[in-house]
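K.L.:
For reference, the structure I am asking about is given below.
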Amino acid sequence: MTHAITAAEAAVALAEGRAVVLPTDTVYGLGVAVGPAVDPAELFRLKGRDEGKPVAWLVADPADLDRYGVDAPAYACDLAARLWPGALTLVVRASDAVPPAFRSEAGTIGLRMPASDDALALIRAAGVPLAVTSANPAGEPAPRRAEDVDETLAAACAGVLGGAGAAGGTASTVVDCTGPAPVILREGPLAAAVRACAAQHAATRAEGLAADGAQHASADAGCASAGDAASALAAPVRTPLGFLSADGSTPVHAVLWEPPAVASGDRPRGIVQIVHGMAEHIDRYEGFAAFLVSHGFVVCGHDHLGHGGTAPDPASRGLIDPAAGADALVADVGGLRALVAGRYEGDVPYFLFGHSMGSLVLRVYLASHAAGLAGAIICGTAHRPVVVSKAGNLLARAIVALRGADARSNLLHSLADGSYSHQVDDPRTPFDWLTRDQSEVDAFIADEASGFMFSAGAYAALTDLAFRAALPRTFAAVPHDLPVLFIAGDADPVGDAGRGVARAAQSMEAAGVADVSLKLYEGMRHEILNEIGREEVYQDVLAWLDARL
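Right, dumping it as structure tokens:
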């Protein structure tokens, strides 16, 4: 192994503020000692990665959760006690002991105690936590063995500390511990154990509250009753659903996420139906759904025609019959709404959340089917002049006429979203416009059910939706008493860097809708639910929902 160093040499290099490559229990890491290194800039430089994404710290003791985190909830302490050392990163609010340069934009820090004797010995020798990221150049696979470390990277840092190797080879489970219940941000190897611990903690908490006759949970649980404590901390109950599409022939795949107490018969606080975007699927929203479920909401969503489990086979992804087209996409929202609303007694507040293409579907849906809704959230929407969308629709239908509805057109693809990556400086991949979080971009690319090309028939449906959504009469038909929230990143090319989103919100307000809110998130790109700093978005959505119950 070239550029090999001993543990003693690694400790000296860390004390000098230099970066070293070290073994962990997941993958080989590139780290600096916090203190001698005043920020993680050296790590970004060595990896060739843009600054901005937080770097987790490796710590040597479960007590470090309280040292470097502030107001860590009881469930976080329980997870650390049970699963540390191990492949578990806990994201907590950073204490004053964490320099600002190492905190996320939301003021959090990720902490992990690795199950690696070599890593723990090095942390203890340094006497401070190590800020560690995977030891690979940006865009390359993370190494599991010392000999797999990129030669250029190894030569540029202080050296490579050999060891037992990275037996796991899988990135850690990441859990957001900033709210009243744990939210899994990345599954990793310990996700099942996290859910089991959370459920046990919730049950114990609920028993204690019942024994004491308590009416309110303490701040670390953030729940209103013993039943709420159990439902908030336990894993969502996931139930597959199905119904016949409005196209008259296609079975639609859908998912319902419920708090355990609701699945057992309790009444939910509210229902949030998610309408997903183009070339993805509803399971990509599981983390967001789990967050809302932890606060007592039922969450549901379906895969559009030509998407996810609704597509009969992988070759059918991206195919939408233009004869059904936009009308079926819109009507299927109502199909799931009727199915889910009918499961619960009483008038449960029902909200719709539409992202990207789903936001266009939602905007058209609201013009004719908004009666009875408690509110709508329009996320990452587009708002182009109607003449542009009409021209795109005519082109798509011309290609359908010439080549058939199932034909894939590079011209249509490049006109629709092929230019988005060019609006990002030095893109690493064609999908960097989605989010600054490179791990999320990589996960999207690796997901066989995401990122596929639309057919000409599907583009005909999409451009029809964009055309209808931008019409003045569509805005005018939205009930004036319906609360509507527009959210997007101000660096999202789909929404014209926020300008198109603002125009859509202004058009709705001008049409007479009284409760219209708009928030643009600085620096965020298209998928704000998968962005760096997504915690802020989650909390803002929750606060908006809570205010309208």
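Residue numbers for the sequence shown follow this note's numbering, beginning at 1 and rising by one. Just so you know, even glycine gets a beta-carbon here, dropped at the ideal spot from N, CA and C. In this text the structure is predicted, and so the values were computed from the model without any measurement.
Please state if the CB of L305 and the CB of D247 are separated by a distance shorter than 8 Å.
P.N.:
Yes.
K.L.:
Can you tell me which residues form a DSSP beta bridge with A543?
P.N.:
DSSP, once it has assigned bridges, lists no residue as partnering A543.
K.L.:
So is D313 buried or exposed if we call it buried at 16+ other beta carbons inside 10 Å?
P.N.:
With fewer than 16 other Cβ atoms within 10 Å, it is exposed.
K.L.:
Got a sec, what are the start and stop residues for the alpha helix (DSSP H) T152 sits in?
P.N.:
Element bounds for T152: E151 to A156.
K.L.:
For R525, which residues of its own chain have a beta-carbon under 7 Å away from its beta-carbon, when the five flanking residues on both sides are left out?
P.N.:
W433, L434, T435, R436, G489, A491, D492 and E531, listed in sequence order.
K.L.:
Taking the CB atoms as reference points, tell me whether G334 and H253 lie closer together than 8 Å.
P.N.:
Contact: no.
K.L.:
Over what stretch of residues does the alpha helix (DSSP H) that includes E286 continue unbroken?
P.N.:
Taken as a continuous stretch (DSSP letters only), the alpha helix (DSSP H) holding E286 covers E286 to V293.
K.L.:
Can you find the residues in the same chain that come closer than 6 Å, C-beta to C-beta, to I528, ignoring five residues on each side of it along the sequence?
P.N.:
Contacts found: G489, Y521 and V537.
K.L.:
Which one or two residues does DSSP pair with C379 in a beta bridge?
P.N.:
Paired residues: H355 and I487.
K.L.:
Does DSSP put A41 in a helix, a strand or coil?
P.N.:
Three-state result, A41: helix.
K.L.:
Within its chain, find whatever has a CB closer than 6 Å to the CB of A13; leave out the 5 residues flanking it on each side and keep chain order.
P.N.:
Cβ neighbours of A13 beyond the five flanking positions: V20 and A158.
K.L.:
Of the residues V275, I399, G242 and P479, which one's Cα is nearest the Cα of A367?
P.N.:
Cα-wise, what sits closest to A367 is P479.
K.L.:
Which residues in the same chain as T474 place their Cβ atom closer than 7 Å to its Cβ, once the five residues preceding and following it in sequence are excluded?
P.N.:
Taken in chain order, the residues that qualify are R363, V364, A367 and R468.
K.L.:
Over the uninterrupted alpha helix (DSSP H) stretch that includes I282, give me the two end residues.
P.N.:
No alpha helix (DSSP H) holds I282; DSSP gives it neither H nor E.
K.L.:
Take P85 and list the residues in its own chain whose beta-carbon comes closer than 8 Å to its own, dropping the five residues that flank it on each side.
P.N.:
Cβ within range, chain order: D25, M113, P114, A115, S116 and L120.
K.L.:
For W544, which residues from the same chain have a beta carbon less than 6 Å from its beta carbon, with the 5 sequence-adjacent residues on both sides left out?
P.N.:
Around W544: L485.
K.L.:
What ranges does the alpha helix (DSSP H) occupy inside the segment 243-278, keeping only unbroken runs of at least 4 residues that lie completely in it?
P.N.:
With a minimum length of 4 residues, the continuous alpha helix (DSSP H) runs that stay inside the segment 243-278 are 260-263.
K.L.:
Taking Cβ to Cβ, would you say G457 is nearer than 8 Å to A401?
P.N.:
Their beta carbons are not under 8 Å apart, which means G457 does not touch A401 by this criterion.
K.L.:
Expressed to the nearest angstrom, what Euclidean distance is found between the alpha-carbon atoms of R67 and V98?
P.N.:
Approximately 9 Å, taken between the alpha carbons.
K.L.:
Helix, strand or coil for D220? Go by DSSP, reduced to three states.
P.N.:
Low local confidence applies: a pLDDT of 42 at D220 is under 50, so the model's placement there is unreliable, with the coordinate-based value given in what follows. Note: D220 maps to coil in three-state DSSP.
K.L.:
Rounded C-beta distance between L58 and L190? I'm assuming under 8 Å.
P.N.:
Not quite, the Cβ-Cβ distance comes to about 16 Å (not below 8 Å), so this is no contact.
K.L.:
Would you report the Cα separation of V194 and R397, rounded to the nearest angstrom?
P.N.:
Each residue's Cα considered, the two are about 50 Å apart.
K.L.:
Whole angstroms are fine: how far does the CA of D150 sit from the CA of D228?
P.N.:
The predicted position of D228 is uncertain, since its pLDDT is 39 and thus under 50; a value taken from the coordinates is nonetheless stated next. Using only the alpha carbons, I get a separation of about 49 Å.
K.L.:
Can you give the Cα-Cα distance for A583 and A370, rounded to whole angstroms?
P.N.:
Any property of residue 583 remains undetermined from this structure, which presents the chain solely from 1 to 549.
K.L.:
If contacts are defined as beta-carbon pairs under 8 Å, then R186 and T173 qualify, I think. What distance do you get, rounded to the angstrom?
P.N.:
The Cβ separation is near 6 Å, so the contact holds.
K.L.:
Where P624 and S409 are concerned, what is the direct C-alpha to C-alpha distance, given to the nearest angstrom?
P.N.:
An answer regarding residue 624 cannot be provided, because it is not within the stretch 1 to 549 covered by the chain.
K.L.:
My guess is that Y350 and I271 are in contact by the Cβ rule of under 8 Å, so how many angstroms apart are they, rounded?
P.N.:
The pair is a contact, with the Cβ atoms about 5 Å apart (cut-off 8 Å).
K.L.:
Quick check on the DSSP output: what are the complete beta strand (DSSP E) runs of length 3 or more inside the segment 43-92, in order along the chain?
P.N.:
As far as the segment 43-92 is concerned, it has no whole beta strand (DSSP E) run of at least 3 residues.
K.L.:
Beta carbon of G287, beta carbon of T381: below 8 Å?
P.N.:
Not a contact, by the Cβ cut-off of 8 Å.
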